[in-house]
Each structure stands twice: as C-alpha cells, then as structure tokens.
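Presented below is the structure to which this report refers.
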Ligand SMILES: Nc1ncnc2c1ncn2[C@@H]1O[C@H](COP(=O)(O)OP(=O)(O)OP(=O)(O)O)[C@@H](O)[C@H]1O
Ligand SMILES: [Mg+2]
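Structural data, given as structure tokens:
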C-alpha cells in the first residue's frame with residue numbers, strides 16, 4: 089500500500105473517532121467506514137510520525153482500503169443475516185419434525201387404522217394398523233407423514249386408488265360413498281365386512297371417511313368383538329324365546345298326557361287284554377308314550393325338565409357306559425376314551441348326562457358313515473373372569489369338561505348357529521327329529537354348565553360340555569334303569585294328594601285307589617293344611633311342585649313337617665320352573681316323580697317313599 093510505512097492505522101468504533109470527520113489535519117487523517125445504507129460503522133484513524141499531510145496517492149489508497157473494508161463489512165452483515173435466517177428455518181424444521189413425530193406417535197398408539205389420501209386417492213400417510221390391514225408394509229419404505237417429499241411411497245405399485253387396497257366385496261361398498269365425502273367435503277361412515285383370510289375369521293370394521301379439500305382421511309375401527317357379542321346375545325335371546333314357547337306348550341301337554349296315559353293304562357289293566365279293541369288301546373298307549381318322549385325332549389331344551397341331581401362321579405359314569413357308547417356308535421367307529429382325571433364329581437342328573445352322551449355318539453356315528461374315530465376326553469378346568477367369551481354364561485369356578493370329537497364330515501358354517509335349536513336337522517326326513525342337540529343344550533344349561541361346538545367341514549366336529557364340578561366326592565351314583573313289571577301296591581295307607589289340575593288329580597287319585605291306598609284330595613296347599621288341621625294323619629304327602637294359591641309344594645311340605653314331622657314327601661312335577669331348578673326347591677336326593685308317569689312308576693315311587701320312611 090502506498091502509505092508511509094511509519095504511519096499507524098487504528099479502526100475506532102463510531103463515537104471514538106478522536107476527531108474523525110473534522111477534516112484533514114497535519115500528521116494524519118481519519119476515514120469513515122460507511123455501510124451500503126450510509127450508516128457509520130467505524131473510523132479508520134491514520135497517524136503519521138511526521139507532521140505532514142497525507143499525499144494524494146496515500147489518501148486515495150486509504151480511501152480504497154476504507155471502501156473495501158466497508159464492502160467487507162456489508163458482506164459480513166449479510167452473512168450474519170443469512171445465518172440467522174438459516175437458524176430460524178432449522179429451528180422451524182426441528183419443531184415441525186418434532187410435532188410430526190408426536191402426531192405419528194399418537195396415530196401409532198391408536199388401535200384404529202388411520203390413513204390419509206391425497207386428491208388423487210393415493211395414500212400419503214398410514215399408521216401401523218392401516219399398513220398391516222391394507223398390506224401397505226410391502227410397498228412402502230415408511231409410513232411417515234413426509235412421504236409426500238418422496239421418502240417412501242404408500243401407493244400400490246400400479247398407483248391404484250385407495251379402494252383398490254381393500255378386498256373386492258368391500259371395495260364396491262365404499263368407493264361411491266368415499267368419493268361423495270371427498271367431493272362434498274363431508275363425512276361418510278359405514279360398517280364393512282372383511283372377508284376371512286386363510287385361517288383367520290371374518291372381521292368387521294366401522295369405517296369413517298372425512299373429505300377435507302386436499303384429500304380424505306379414513307379411519308377403520310375393528311368392531312368384530314362387538315358384532316360377535318351382539319350375535320351371541322341375539323342367539324341367546326332367540327334360544328330363550330323358543331325355550332319359553334316350547335316349555336309352555338310342553339307343560340300343558342304333560343298334564344294332558346298324564347290323564348290320557350293313566351286312563352289307557354287302567355283300561356289295559358281292567359280288561360287284561362280280553363277286549364276286542366285291546367290292540368287299539370295298545371296303539372294309543374304307544375302313541376301317547378311317543379308324545380311323552382317328545383314333550384320330555386322339548387322340556388329338556390326349554391331347561392324345564394325336572395332334574396334329579398345327584399353327586400355323580402363322571403369318570404365312573406363314562407367307564408360304565410363305554411359299552412353303550414360303542415353300540416350306539418356302531419361297528420365302523422373306533423372309540424377312544426381319554427381320562428385326564430381319574431375321578432371327578434358333578435352334581436347332575438346322571439340319566440340326563442347318559443342321554444346327552446348317547447345323543448352325541450349317535451350324531452358322531454351319522455357324521456362318519458364310512459367309519460372314523462370318536463374320541464371322548466374327560467378333564468377338569470377352571471373358568472376365570474378372563475376366560476374366552478365363547479364360554480359366556482359360565483360362572484367362574486371349577487368345571488368337569490367332556491370333549492366329544494369325531495372325524496366326520498363336520499357342520500357347514502351356515503348351520504353352526506342353528507344346531508342347538510329344536511327341530512333343526514339336516515338329516516333326511518324320518519332320520520332325525522332335530523331334538524338331540526337341543527336336549528343336550530337344555531340339560532347342560534339347566535345344570536348351570538355350558539355346551540360349545542367347533543366344527544370344520546370335512547375334518548370333524550368337537551362338542552364340549554362344561555358341568556359344574558363338585559369337590560365333594562363322598563357320594564356316588566349313576567342312574568339306574570327301572571324295569572317295569574307288575575305295579576307294586578300299598579296296604580291301605582293314606583295319601584294326601586295335592587294337585588291343582590282337576591283332571592290330573594282325579595286321574596292320579598283313581599290310580600292310587602287302584603293301588604290300594606286311601607286318598608285325601610286337595611286342590612291347593614290351603615285345602616291340604618285344613619285337612620291335616622281337621623285331624624287327618626296321612627302316611628305320605630304326594631304333591632305337585634307348582635301349585636296355584638300362593639303356596640308351592642315344597643313350602644307346603646315344610647309347613648306340614650312342623651305338625652307331622654315323620655310324614656314322607658313325594659313331589660310330582662312336569663315342569664321345572666326357574667325357582668325349582670336343580671333342587672333350589674327340591675333338594676338333591678328328595679323324591680321326585682316326573683309327569684307323565686305310568687301306573688307302575690306311580691306305584692313303585694309311592695311304595696318306595698312310604699317304605700323308606702318306615703325303615
Ligand atoms: N357330530 C356332528 N357332525 C356333523 N353334524 C352334526 C353333528 N352333530 C350334529 N350335527 C348337525 O346338527 C343337526 C342337529 O343335530 P341334532 O342331534 O339336534 O338332531 P338330529 O341328529 O338331526 O336328529 P335327532 O338327534 O333328533 O335324531 C344335525 O342334523 C346335523 O346337521
Ligand atoms: Mg342327533
């Protein structure tokens with residue numbers, strides 16, 4: 089630079105310019121550093137060793153230097169401003185990134201599938217659920233919100249619109265309404281049925297789409313469990329309604345059949361087969377017996393059959409009836425019995441359990457016309473509040489579990505929800521009444537258990553019974569089959585007969601008299617109590633459980649027990665009301681005669697009860 093080498097140059101900030109701006113002076117000079125806009129940034133102070141003025145060439149060099157410095161200052165300032173701007177933008181990016189991550193976290197945590205599409209129906213965001221459901225995982229590198237910037241691609245390879253990601257039947261259902269929501273910036277909602285894939289069951293989703301101008305947001309909530317629960321509730325309500333109807337009809341039929349059968353039986357006995365129409369009487373009697381069986385099955389389904397619950401060792405019962413099961417299943421079927429518990433007890437009606445198992449074995453036989461294996465597995469299980477909902481209705485506790493599995497043709501899925509309904513049968517006319525499984529259903533439910541069915545067409549069917557387990561194993565009883573012979577008669581003992589249906593009472597009284605008993609008839613509990621108060625001292629109370637007049641059979645028995653503590657009681661019932669189920673009214677082991685009863689059954693039950701009380 090063309091300046092005196094002994095000169096000193098100092099740049100001073102504005103305000104400390106020590107005479108700058110005051111013009112030239114001997115021994116030095118000062119130069120202002122100005123920005124583009126003319127603002128004073130500082131002062132270059134030049135001091136010479138000698139007292140002289142700056143040469144023109146020195147001055148011009150210094151002025152150039154000051155100009156360059158001012159320019160450099162401008163550049164620095166500009167850079168500063170840029171840096172600040174860059175920092176601001178970076179901070180904004182960071183904030184945007186953070187909020188994006190937060191939104192993603194919220195969407196990922198949602199149990200619903202959430203998906204956003206642009207105006208061309210191309211997915212631009214999908215949370216984890218949506219990617220799994222719509223199989224987006226395989227065609228996109230990430231499901232993040234910034235897919236629009238090219239980081240990943242959520243669209244399908246063909247670039248097809250949103251609905252192409254849904255299975256065919258769903259696609260048709262949603263396309264029009266989604267388009268409408270997008271065009272009108274409105275909301276659409278519908279329930280969609282997702283077809284079952286591979287082994288997975290069918291699913292249901294509540295779908296909601298909101299059009300917002302720059303695209304559409306879609307959410308899918310899995311409501312399969314709710315739909316299943318509703319279907320189960322509807323099925324249970326339907327079964328209950330059918331049960332009420334059949335139970336009511338069966339109840340009235342029972343009383344009528346008691347009278348019809350009793351009279352036919354008396355006719356048969358009176359004439360001893362000497363009448364020319366004895367064949368007709370026998371036919372009528374047979375028909376009445378068939379009707380009684382039918383009524384019994386209907387009552388069983390309606391959970392109204394009078395049960396005689398006893399403590400039964402189910403393992404022993406199964407072992408004892410192996411032969412019966414084998415003969416019911418037929419020679420083509422291999423029977424495999426598996427016991428996961430050597431002994432387990434349940435408070436149930438053993439005869440009804442036997443009937444249920446025979447019904448299941450016969451069904452299995454019919455399903456394996458060309459042979460197969462029938463496996464019966466006995467185990468115990470504990471039901472907790474968390475147990476799967478398909479065992480709904482079961483109280484938490486210990487249960488005896490019986491699985492009856494066959495390798496037959498299975499049940500078609502559309503039939504599965506109907507198999508327990510009365511009269512549902514797929515068998516040819518005359519081959520099945522459709523009452524077998526409904527009887528099993530009613531018996532198990534009435535015993536406070538549960539019955540479930542799992543079936544795969546072509547592979548086989550498993551029916552599972554759950555029966556409340558009794559941890560008391562002190563008693564044991566299996567059903568004994570009564571063999572009818574000559575009706576056992578009495579010896580002039582007095583029977584207090586309480587029955588509110590006149591026809592039935594008259595008929596029963598007639599049979600009892602024929603059996604050589606004295607009979608006091610009462611149409612309700614009040615009449616029975618009056619008779620005893622007036623001095624009657626019967627040897628047996630024979631009373632219907634359900635009585636009109638406000639006092640039922642078991643209540644009457646209790647009141648009479650105060651006056652006549654040694655008098656035995658035999659209850660009669662054709663219909664177990666909810667209050668009398670399984671011994672709520674009739675205690676386990678108490679004497680119970682089921683309507684319609686035969687002359688023999690009446691005679692032997694009455695005689696047994698009277699005899700037992702004498703012992
Ligand atoms: N093990 C099984 N395998 C395949 N289908 C079965 C099986 N058990 C029951 N089903 C189906 O359920 C229907 C109803 O059975 P259910 O036992 O109630 O009546 P049914 O056997 O047809 O007649 P019934 O038992 O009164 O003689 C049957 O007709 C059959 O379609
Ligand atoms: Mg059957």
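Residue numbers (the numbering used here): 89 to 703.
Positions of the beta carbon are idealized from the N, C-alpha and C atoms, including for glycine.
Only a predicted model underlies this, so the values are computations on that prediction, with no experimental measurement involved.
Please classify residue i as buried or exposed, where buried requires at least 16 other C-beta atoms within 10 Å of its C-beta.
i	result
residue 442	buried
residue 226	Residue placement at residue 226 is poorly supported in this model, since its pLDDT is 39, which falls under 50; the coordinates are not used for a value here.
residue 397	buried
residue 391	buried
residue 182	exposed
residue 93	exposed
residue 143	exposed
residue 481	exposed
residue 640	buried
residue 552	buried
residue 663	buried
residue 621	exposed
residue 692	buried
residue 244	Low confidence applies to residue 244: its pLDDT is 47, below 50, so where it sits in the model is not reliable enough to give any reading.
residue 381	exposed
residue 177	exposed
residue 180	exposed
residue 447	buried
residue 164	exposed
residue 633	buried
residue 534	buried
residue 537	buried
residue 546	exposed
Counting only the same chain and skipping the five closest in sequence on each side, list residues whose C-beta sits under 6 Å from that of residue i.
i	result
residue 672	Only weak support is given to the placement of residue 672: the predicted model assigns it a pLDDT of 49, under 50, and the value that follows is read from those uncertain coordinates. Taken in chain order, the list of residues that qualify is empty.
residue 690	599
residue 444	528, 531
residue 298	275, 305
Out of the options, point me to the one whose CA is closest to residue i's CA.
i	options	result
residue 430	489, 598, 524	489
residue 100	559, 174, 258, 120	120
residue 587	696, 354, 343	343
residue 469	629, 482, 487	487
residue 300	292, 327, 269, 326	269
residue 540	295, 290, 211, 324	324
residue 290	305, 313, 277	313
residue 554	609, 267, 492, 596	492
residue 210	124, 156, 304, 502	304
residue 582	613, 615, 624, 168	624
residue 428	403, 467, 132	467
residue 559	585, 434, 465	434
residue 154	128, 612, 328	128
residue 126	117, 152, 140, 162	162
residue 635	619, 626, 628, 615	615
residue 627	637, 649, 611, 613	649
In the DSSP assignment, find the unbroken alpha helix (DSSP H) run with residue i in it and report its ends.
i	result
residue 642	641-651
residue 154	144-197
residue 613	613-621
residue 260	256-271
residue 490	Run containing residue 490: none in the alpha helix (DSSP H); it sits in the beta strand (DSSP E), 485-494.
residue 594	590-602
residue 554	Unbroken run through residue 554 is the beta strand (DSSP E), 548-558; no alpha helix (DSSP H).
Would you give the residue range spanned by the beta strand (DSSP E) that residue i belongs to?
i	result
residue 682	680-682
residue 116	116-122
residue 398	398-401
residue 388	Where residue 388 is concerned, there is no enclosing beta strand (DSSP E), although the alpha helix (DSSP H) it sits in stretches over 366-389.
residue 427	421-427
residue 211	211-214
residue 606	606-610
residue 309	304-310
Might you give, ordered along the chain, the residues of its own chain that have their beta carbon closer than 7 Å to the beta carbon of residue i, omitting 5 neighbours on each side?
i	result
residue 417	423, 449, 452, 453, 462
residue 517	none
residue 510	330, 334, 386, 389, 522, 523, 526
residue 592	343, 346, 347
residue 680	394, 396, 659, 661, 674
residue 708	No statement about residue 708 is possible, as the shown extent of the chain runs from 89 to 703 and does not include it.
residue 265	276, 278
residue 577	603, 604, 691
Starting from the C-beta of residue i, find all residues in its chain whose C-beta is less than 8 Å away, skip the five residues before and the five after it, and write them out in chain order.
i	result
residue 83	Nothing in the structure corresponds to residue 83, since the chain is present only between 89 and 703.
residue 565	Confidence is the limiting factor: at residue 565 the pLDDT is only 43, short of 50, which leaves the residue's position unreliable, though a coordinate-based value still follows. 398, 399, 400, 438.
residue 597	585, 607, 609
residue 273	299, 300, 301
Exercise for review: Count the C-beta pairs between the segment 306-322 and the segment 195-203 that are closer than 8 Å, then say yes if the count reaches three, no if not.
Suggested key: The segment 306-322, when compared against the segment 195-203, does touch it at the 8 Å Cβ threshold.
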